[in-house]
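Undergrad: With this note's numbering as the guide, the letters of the sequence shown map in order to residues 110 to 200.
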Amino acid sequence: MPLRLWKSLVCGIQKSVHAAYKARAANLIVSTTALYKKLSGVELDVSQALVRETVSELQLLIHQMGGEQPNLLPGLSKSPTSTFVRIKRSG
110 MPLRLWKSLV CGIQKSVHAA YKARAANLIV STTALYKKLS GVELDVSQAL VRETVSELQL
170 LIHQMGGEQP NLLPGLSKSP TSTFVRIKRS G
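1) Three Cβ pairs or more, each shorter than 8 Å: is that satisfied between the stretch 135-154 and the stretch 162-172?
2) Can you grab the Cα-Cα spacing for the pair Leu112 / Leu169, in whole Å?
3) If we ignore side chains and look at the alpha-carbon of each, how far apart do Arg195 and Gly150 end up?
4) Mind reading off the beta-carbon distance from Leu137 to Tyr130? Whole number of angstroms is fine, and I expect it under 8 Å.
5) Would Leu159 and Lys116 qualify as a contact pair, given that the criterion is a beta-carbon distance under 9 Å?
6) Just verifying my parser: in three-state terms, what is the DSSP assignment at Val139?
7) Where Asp154 and Asn180 are concerned, what is the direct C-alpha to C-alpha distance, given to the nearest angstrom?
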């Protein structure tokens, strides 16, 4: 699956696989069936690594732009990655 499509899902730019596919359909040479088949074979570790990588890239960008915000929930880690991992493991 093209990385841009995957990242649009991870970042919440697209709300579903199908919406992401439709937004990029003109640039893709695969069917929705092939896309879903590919997704079904992606291991959880790969998905988690992509989320961690994306968060790291976005945190750097936010820092460079001076857009950091105070922690709204004291006691919780400011790292979205660690919060995401805690939620996924407990869920």
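No residue lacks a Cβ here, since even glycine has one placed at the ideal position from N, Cα and C.
TA: This is what the structure holds:
1) no
2) In the sequence shown, the residue the question calls residue 112 occupies position 3. In the sequence shown, the residue the question calls residue 169 occupies position 60. Near 19 Å, if we compare the C-alpha coordinates of Leu169 and Leu112.
3) On the sequence shown, residue 195 is found 86 positions in, with the first residue counted as 1. On the sequence shown, residue 150 is found 41 positions in, with the first residue counted as 1. Low confidence applies to Arg195: its pLDDT is 46, below 50, so where it sits in the model is not reliable enough to give any reading.
4) For this step, residue 137 is matched to residue 28 along the sequence shown. For this step, residue 130 is matched to residue 21 along the sequence shown. The pair is a contact, with the Cβ atoms about 7 Å apart (cut-off 8 Å).
5) Here the question's residue 159 lines up with position 50 in the sequence shown. Here the question's residue 116 lines up with position 7 in the sequence shown. For Leu159 and Lys116, yes; Cβs fall inside 9 Å.
6) Counted from its first residue, the sequence shown places residue 139 at position 30. Reduced to three states, the DSSP call for Val139 is coil.
7) Here residue 154 refers to the residue found at position 45 when the sequence shown is read from its first residue. Here residue 180 refers to the residue found at position 71 when the sequence shown is read from its first residue. Using only the alpha carbons, I get a separation of about 28 Å.
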